[in-house]
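Going by this note's numbering, the letters in the sequence shown line up with residues 2 to 712, in that order. All C-beta atoms in this analysis are idealised placements derived from N, C-alpha and C, irrespective of residue type, glycine included.
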Amino acid sequence: MLIGLGSGAGLLVVGVPLALNAGRPAIVEYIEENGTGPQDAPRNPDLWFEVTPAGVTFFVPKVEMGQGIHTALAQIAAEELEVTPEQLTVRQADTARGYAGGTMFTFGSTSVKALYRPLREAAATLRELLREEAARQLGVPAARLTAAGGAFFVAGSRQRIPYAQVVADKQGEWVIPEAAPTLKARRDFKRIGRAMPRTDFRDKVLGTATYGYDARLPGMLFGAVARPPRFGARLVSASAGAAGRQPGVVRVVIDLKAGFAGVVARTRTQARAALPSLDLRWEGGTTASSADLDAQIQAGSGSVLRRRGNVRAALSGGTVVQGEYRTPLAAHAHLEPLAALADVQAGGQIEVWASTQYPQKIVDDLRGVFGKDREVLVHPTQLGGGFGRKAGQHAALEAARLSAAVGKPVHVGWTREEDLQHAFYRPPTHHVLRGSVGTDGRLRGVEQFTAGGDIIWGQTGIPEFVRDALGFDPGGLLGQFMPYDFPAYRVVNRREALPVPTGYWRGLGVLPNTFALESFMDELAHAAGADPLAFRLRHLGSGEDGRRLRGVLERAAKAAGWGTPLSAGRARGVACCLDLGTASALVAEVSVQEGRVQVHRVTVAADPGLVINPDGARLQVQGSVMMALSSALHEELTIQDGRVVESNFDRYRLLPMRDAPPVEVLLVESGDEPQGMGEPVMGPAAAAVANAVFTLTGERLRTLPLRPRQG
2 MLIGLGSGAG LLVVGVPLAL NAGRPAIVEY IEENGTGPQD APRNPDLWFE VTPAGVTFFV
62 PKVEMGQGIH TALAQIAAEE LEVTPEQLTV RQADTARGYA GGTMFTFGST SVKALYRPLR
122 EAAATLRELL REEAARQLGV PAARLTAAGG AFFVAGSRQR IPYAQVVADK QGEWVIPEAA
182 PTLKARRDFK RIGRAMPRTD FRDKVLGTAT YGYDARLPGM LFGAVARPPR FGARLVSASA
242 GAAGRQPGVV RVVIDLKAGF AGVVARTRTQ ARAALPSLDL RWEGGTTASS ADLDAQIQAG
302 SGSVLRRRGN VRAALSGGTV VQGEYRTPLA AHAHLEPLAA LADVQAGGQI EVWASTQYPQ
362 KIVDDLRGVF GKDREVLVHP TQLGGGFGRK AGQHAALEAA RLSAAVGKPV HVGWTREEDL
422 QHAFYRPPTH HVLRGSVGTD GRLRGVEQFT AGGDIIWGQT GIPEFVRDAL GFDPGGLLGQ
482 FMPYDFPAYR VVNRREALPV PTGYWRGLGV LPNTFALESF MDELAHAAGA DPLAFRLRHL
542 GSGEDGRRLR GVLERAAKAA GWGTPLSAGR ARGVACCLDL GTASALVAEV SVQEGRVQVH
602 RVTVAADPGL VINPDGARLQ VQGSVMMALS SALHEELTIQ DGRVVESNFD RYRLLPMRDA
662 PPVEVLLVES GDEPQGMGEP VMGPAAAAVA NAVFTLTGER LRTLPLRPRQ G
């Protein structure tokens with residue numbers, strides 16, 4: 002039996018026999034090794050590049066949402082193409098460019114990892130095609146030509162021919178060879194591994210960068226859409242009421258079958274102001290509260306995801322330790338709410354400009370409404386943050402429905418209140434762990450029970466019986482397993498379909514899982530009477546994973562001054578994880594004052610394999626740390642009567658700038674391939690802070706956000 006994780010979800014197909022309890026650990030291992038995102042990309046250079054007299058244009062399939070991915074990919078392209086950054090114009094590819102939907106999906110820290118080799122091969126293929134043609138035009142052997150700065154130079158002469166001239170003088174068709182060209186050796190890199198200014202720096206400084214909220218067309222109108230009063234409520238009757246008579250309103254659009262009611266007006270303010278005048282009746286929906294969700298998310302029985310050794314025997318002796326951990330619902334809190342502009346031509350093309358991580362999903366959603374053969378063109382704009390939320394882009398479909406009704410372009414931009422109260426969220430989790438430490442100070446075994454809401458399953462159409470048969474959500478596997486070497490280990494997982502929508506969130510499962518596992522590792526170290534750092538190092542294996550984790554732990558600890566005295570009222574905590582091929586370790590220095598945790602300093606060592614742009618990598622680490630600290634110290638969504646209580650940032654607390662600590666980033670390179678960089682460091686931050694609080698106060702905080710006792 003094959004388990005299709007769904008091309009619509011941008012996932013690989015897992016070709017592993019499903020034998021339930023016997024086969025499930027093998028499926029888990031497969032997903033761990035191959036990831037939850039697409040790994041293939043085209044290698045034909047005509048898809049990636051255009052060569053003109055003005056230079057080379059590079060069409061990037063991945064979406065820029067502040068992570069600097071266009072810059073890193075431009076460095077890779079320039080390296081093999083032998084052009085300077087100034088000669089390379091970087092443009093966002095639209096869906097007409099020809100990239101597969103999975104290739105354009107920007108998700109799971111896979112962009113550089115997945116595109117590194119195919120992009121190099123495409124650039125090198127173009128370089129060699131140009132070399133052969135240049136040699137023909139110059140009448141010299143191709144071996145005599147050296148590529149540099151967007152031109153070829155003839156050895157032993159002053160002859161030079163730019164790429165643009167080679168293309169201009171070409172006669173006949175280009176024939177792309179089937180065999181991949183020889184790629185440059187790492188020792189010959191000129192661009193990869195060096196800091197490079199961001200390709201979008203000038204546009205952002207000058208304010209000319211286009212985001213979804215900025216998209217404009219002549220004659221466009223603005224739309225606003227009615228939202229249900231609680232999750233799962235159905236629109237059972239609707240009429241225009243007094244909305245059509247409100248100032249500036251052009252059209253009231255109602256589709257009861259689709260559960261849709263919206264207003265089109267001349268300005269955004271007018272459209273939003275008219276919404277309350279619609280006559281709508283909603284029925285049903287959940288009345289769940291946060292307490293109900295916590296009661297539903299209970300670790301215990303479930304599906305076995307990993308097993309080795311005899312856990313029962315291991316826990317029958319030694320010092321037995323038990324810990325229970327919880328993490329709450331959390332919002333994405335991206336700076337830019339959902340926004341899209343749609344232009345639906347009657348019977349013709351549908352054109353959309355949207356801040357989206359997944360353009361193909363917009364194409365599929367629109368064809369699902371307007372017809373599967375409908376021509377749809379999506380222009381991804383820059384994103385003011387995404388963090389998984391913009392893998393689903395409801396605003397695009399809403400704008401298209403309204404545009405089709407009025408025959409003009411319509412822009413829909415969600416409010417902050419809509420984005421907080423009508424989104425999908427990071428699911429709550431519950432972890433219960435039991436472990437035993439022997440008299441020799443070594444870990445004998447661990448039994449781990451986990452429970453959580455859906456992540457990837459929550460945003461796909463995978464049938465419920467398949468989800469139940471698997472017993473886990475692929476996104477929840479990130480950070481799920483302890484990376485240490487000990488005799489007996491058993492992991493039991495329970496997934497729950499919640500009445501509140503849950504889905505992708507930065508790092509997927511790595512933050513809640515690592516919080517539980519690395520907090521528990523500290524508890525075990527305390528039971529063993531061991532230094533938490535030494536205890537971790539003692540239990541790392543001798544393989545590559547263990548070696549890399551040892552490297553980052555030792556590097557971070559040394560830089561942070563682990564074991565050296567601190568000023569009164571401060572303590573350090575440490576945590577680490579291995580996620581998306583990247584090993585990271587984090588040391589946090591904290592104090593506690595009047596029941597409030599203050600983080601004063603963070604030291605991170607990260608080993609992402611090959612580093613493409615050191616400046617970009619450091620910024621990714623710093624951004625991950627800030628977002629993780631915000632989640633660890635403040636963030637929590639509250640559900641009451643089936644809706645989110647927090648309506649804006651005055652109630653949904655984030656880490657304020659005054660509390661942002663300095664973050665020292667140490668990059669440790671290993672191997673010749675880049676790994677994930679945007680999310681792995683989300684893992685250890687919360688655990689490191691909680692572990693530092695325990696060292697300082699003796700209070701073990703096992704629930705996020707971290708709230709010590711007063712006094």
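CB-CB length for residue i against residue j, believed under 8 angstroms
i           : j           : result
residue 355 : residue 379 : 6 angstroms
residue 653 : residue 180 : Contact flag wrong, Cβ pair sits at about 54 angstroms.
residue 421 : residue 647 : 6 angstroms
residue 436 : residue 521 : 7 angstroms
residue 332 : residue 408 : About 36 angstroms separates the two Cβ atoms, so there is no contact after all.
residue 609 : residue 677 : 7 angstroms
residue 110 : residue 679 : 4 angstroms
residue 130 : residue 177 : 7 angstroms
Alpha-carbon spacing of residue i relative to residue j, whole angstroms
i           : j           : result
residue 651 : residue 658 : 15 angstroms
residue 612 : residue 542 : 25 angstroms
residue 271 : residue 255 : 18 angstroms
residue 430 : residue 388 : 19 angstroms
residue 119 : residue 485 : 34 angstroms
residue 342 : residue 410 : 7 angstroms
residue 458 : residue 451 : 17 angstroms
residue 191 : residue 73  : 13 angstroms
residue 3   : residue 88  : With a pLDDT of 29 at residue 3, under the threshold of 50, the predicted position of this residue should be treated as unreliable, though the coordinate-derived value follows. Distance between the alpha carbons of residue 3 and residue 88: 47 angstroms.
residue 703 : residue 183 : 52 angstroms
residue 67  : residue 222 : 28 angstroms
residue 78  : residue 574 : 40 angstroms
residue 150 : residue 211 : 30 angstroms
residue 670 : residue 81  : 21 angstroms
residue 10  : residue 460 : At residue 10 the pLDDT is 37, less than 50, meaning the model places this residue with poor confidence; the figure from the coordinates comes in the next sentence. If you take the alpha carbons of residue 10 and residue 460, they lie about 8 angstroms apart.
residue 499 : residue 198 : 44 angstroms
residue 556 : residue 667 : 8 angstroms
residue 424 : residue 502 : 7 angstroms
residue 325 : residue 493 : 14 angstroms
residue 266 : residue 345 : 17 angstroms
residue 415 : residue 339 : 5 angstroms
residue 448 : residue 709 : 27 angstroms
residue 6   : residue 581 : Here residue 6 scores only 36 on pLDDT, less than 50, and its place in the model should not be relied on; the value that follows carries that caveat. Cα-Cα distance, rounded: 18 angstroms.
residue 589 : residue 95  : 42 angstroms
residue 144 : residue 124 : 18 angstroms
residue 121 : residue 649 : 44 angstroms
Residue interval of the alpha helix (DSSP H) (run including residue i)
i           : result
residue 70  : 70–82
residue 294 : 291–297
residue 418 : 417–422
residue 49  : 46–49
residue 539 : 533–539
Beta strand (DSSP E) segment containing residue i, residue limits
i           : result
residue 698 : It is not in any beta strand (DSSP E) - residue 698 instead sits in the alpha helix (DSSP H) that spans 685–698.
residue 585 : 583–594
residue 199 : That residue, residue 199, is in no beta strand (DSSP E); it is neither H nor E in DSSP.
residue 363 : Note, residue 363: premise wrong, no beta strand (DSSP E); alpha helix (DSSP H) at 360–371.
residue 547 : Note, residue 547: premise wrong, no beta strand (DSSP E); alpha helix (DSSP H) at 545–561.
Beta-carbon proximity check, residue i vs residue j, cutoff 8 angstroms
i           : j           : result
residue 633 : residue 584 : no
residue 496 : residue 539 : no
residue 444 : residue 482 : no
residue 601 : residue 571 : yes
residue 43  : residue 104 : yes
residue 593 : residue 697 : yes
residue 684 : residue 512 : yes
residue 681 : residue 636 : no
residue 216 : residue 412 : yes
residue 264 : residue 276 : yes
residue 48  : residue 98  : yes
residue 232 : residue 644 : yes
residue 274 : residue 297 : no
Residue-level contact to chain D via CB, residue i, 8 angstroms cutoff
i           : result
residue 415 : The structure shown contains no chain D; it is built from a single protein chain.
Requested in this report: Please go through the stretch 463–515 and give each complete alpha helix (DSSP H) segment of 4 or more residues, from N-terminal end onward.
Outcome: Runs of the alpha helix (DSSP H) inside the stretch 463–515: 465–471.
Query - Ranges of the alpha helix (DSSP H) found wholly within the stretch 94–135, counting only runs of at least 4 - result: For the stretch 94–135, whole alpha helix (DSSP H) runs of length 4 or above, ordered along the chain, are 102–105.
Query raised in the report: Curious, which full-length alpha helix (DSSP H) runs of at least 4 residues does the stretch 141–197 contain?
Result: With a minimum length of 4 residues, the unbroken runs of alpha helix (DSSP H) contained wholly in the stretch 141–197 fall at 164–169.
Query - alpha helix (DSSP H) runs wholly inside the stretch 236–307, at least 4 long, in chain order - result: Qualifying alpha helix (DSSP H) stretches, in chain order: 269–275, 291–297.
Query - Every unbroken alpha helix (DSSP H) within the stretch 623–672, with a cutoff of 4 residues, ordered by chain - result: Under the rule that a run must span 4 or more residues, no alpha helix (DSSP H) segment is found entirely inside the stretch 623–672.
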